[in-house]
Amino acid sequence: MNAVLETRLGKAIDDEDFWEEVLQFFVNHPELPLDRVGPVVDFLAQETPQIDVKGRTCASLLRLVLRRRRSWDFVAVLVQDCVDIWRAGCSELP
Numbered sequence: 004m005n006a007v008l009e010t011r012l013g014k015a016i017d018d019e020d021f022w023e024e025v026l027q028f029f030v031n032h033p034e035l036p037l038d039r040v041g042p043v044v045d046f047l048a049q050e051t052p053q054i055d056v057k058g059r060t061c062a063s064l065l066r067l068v069l070r071r072r073r074s075w076d077f078v079a080v081l082v083q084d085c086v087d088i089w090r091a092g093c094s095e096l097p
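Going by the working numbering, the first residue of the sequence shown is number 4, and it counts up by one from there.
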């Protein structure tokens, strides 16, 4: 329960019906590691209402979260490369 309360779900939220489904998902899937609850909630908050948790397995939801995080990691690396080039005084970006 603390893992859920430490996320944005521990505060006032919009779209209560959606988040009720998410909470039910967590109840129905106690095998979901507690350290994954926060990243799942963050992911769903960004993707709402495009993602439906009904009928999903833990594995399928975690795959979606991982794909999204990988894409953001790539963007972060690209941005850092651009910053490094700018700091070096180069005018060309990759």
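The C-beta atom is built at its ideal place from N, Cα and C for all residues, glycine as well.
Relative to the Cα of Val44, the nearest Cα in the group Leu26, Asp76 and Thr60 belongs to Leu26.
Here Pro36 carries a coil assignment [DSSP, helix/strand/coil]. Contact between Val68 and Pro36 is absent: CB atoms are separated by about 12 Å, not below the 8 Å threshold. Here Arg59 carries a coil assignment [DSSP, helix/strand/coil]. For a cut-off of 8 Å, the C-beta gap from Glu24 to Lys57 is around 6 Å, short enough to register as a contact.
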